[in-house]
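In what follows, a single structure is set out as structure tokens and then discussed.
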Amino acid sequence: MIYWEIFIAFFIPGILGYGGGPASIPLVEYEVVARYQWMTVEEFSEVLALGNALPGPIATKMAGYIGYEVGGILGAIVGVFATVAPSLILMIGLLGLLYKYKESPKVKRMTALVRPTIAILLGVLTYRFLESSYFGAGIWHTLFLLIAGFVLLEKWKVHPAFVIIGGLGYGAIFLS
Numbered sequence: 450m451i452y453w454e455i456f457i458a459f460f461i462p463g464i465l466g467y468g469g470g471p472a473s474i475p476l477v478e479y480e481v482v483a484r485y486q487w488m489t490v491e492e493f494s495e496v497l498a499l500g501n502a503l504p505g506p507i508a509t510k511m512a513g514y515i516g517y518e519v520g521g522i523l524g525a526i527v528g529v530f531a532t533v534a535p536s537l538i539l540m541i542g543l544l545g546l547l548y549k550y551k552e553s554p555k556v557k558r559m560t561a562l563v564r565p566t567i568a569i570l571l572g573v574l575t576y577r578f579l580e581s582s583y584f585g586a587g588i589w590h591t592l593f594l595l596i597a598g599f600v601l602l603e604k605w606k607v608h609p610a611f612v613i614i615g616g617l618g619y620g621a622i623f624l625s
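450 is the number of the first residue of the sequence shown in the numbering used here; add one for each residue after it.
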């Protein structure tokens with residue numbers, strides 16, 4: 450039964466997460482944290498940070514890790530397959546239609562309307578992470594990490610992987 454739950458937990462966000470991995474992260478978070486309660490918000494945010502630090506698609510990395518934590522090696526395989534299955538099925542089944550209508554004004558308009566929805570979902574996820582950090586680590590640690598991350602990423606153009614590693618190091622030293 451656990452493998453079916455892993456499949457559903459990653460297949461549904463794969464279907465509904467229009468826009469790729471970043472768009473499906475809030476949906477995966479709902480399935481993993483709220484619905485099945487395999488992780489807490491803090492654990493999920495750590496998995497997300499680790500997944501962002503590694504190369505490759507975020508959704509498959511998270512599915513593999515969470516699937517492994519919940520169901521071992523077979524759980525990781527099921528999670529990764531469930532993540533890529535919706536795209537695989539749609540691409541095989543609808544490749545001809547997609548190629549035929551890719552320049553359609555209606556398709557372009559639909560894409561333009563979906564982007565703000567994705568931005569709102571990512572904003573809600575960010576708010577949850579900030580709220581969790583505030584209650585878990587306190588206002589000063591949260592503000593320090595937020596400001597330091599912003600300065601490192603935007604002003605000094607440090608690679609996000611190094612910022613994430615620095616944040617993990619800070620947490621290991623000051624928050625453990």
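Heads up, the beta-carbon is just placed ideally off N, CA and C, and yes, glycines get one too. Nothing here was measured: the structure is a model prediction, and the numbers come from that model.
Taking Cβ positions, are Y517 and A525 nearer each other than 8 Å? yes
In chain order, which continuous runs of the alpha helix (DSSP H) of length 4 or greater are located wholly inside the region 581-617? 588-599
List the whole-angstrom C-beta distance separating L539 from H590, where the pair is believed to meet the contact cut-off of C-beta under 8 Å. Actually they do not touch by this definition, with Cβ atoms about 43 Å apart.
Measure the beta-carbon distance from F459 to G528 and round it to whole angstroms, keeping in mind my assumption that it falls under 8 Å. 5 Å
Going by the CB atoms, is the gap between G598 and G616 shorter than 8 Å? yes
By the 10 Å Cβ neighbour count, where 16 or more other Cβ atoms means buried, how is P609 classified, buried or exposed? exposed
Relative to the alpha-carbon of V519, which residue among M488, E552, A568, R558 has its alpha-carbon at the smallest distance? M488
Tell me which residues share the same chain as A512 and place their Cβ nearer than 6 Å to its Cβ, disregarding the 5 neighbours each side in the sequence. F459, G528, V529, T532
Using a 10 Å radius around the Cβ and a threshold of 16 neighbouring Cβ atoms, would you call K555 buried or exposed? exposed
Rounded distance between the beta-carbons of L476 and G466, thought under 8 Å: 5 Å
C-beta atoms of F493 and E478 nearer than 8 Å: yes
Whole angstroms is fine: what's the gap from E491's alpha carbon to S473's? 18 Å
Whole beta strand (DSSP E) runs in the region 480-557 with 3 or more residues, listed along the chain? none
Leaving out five residues on either side along the sequence, give the residues of the same chain with a beta carbon under 7 Å from the beta carbon of R577. V490
In whole angstroms, what is the alpha-carbon distance linking M450 and G542? 29 Å
Same chain, Cβ closer than 8 Å to V600, neighbours up to 5 away in sequence not counted: none
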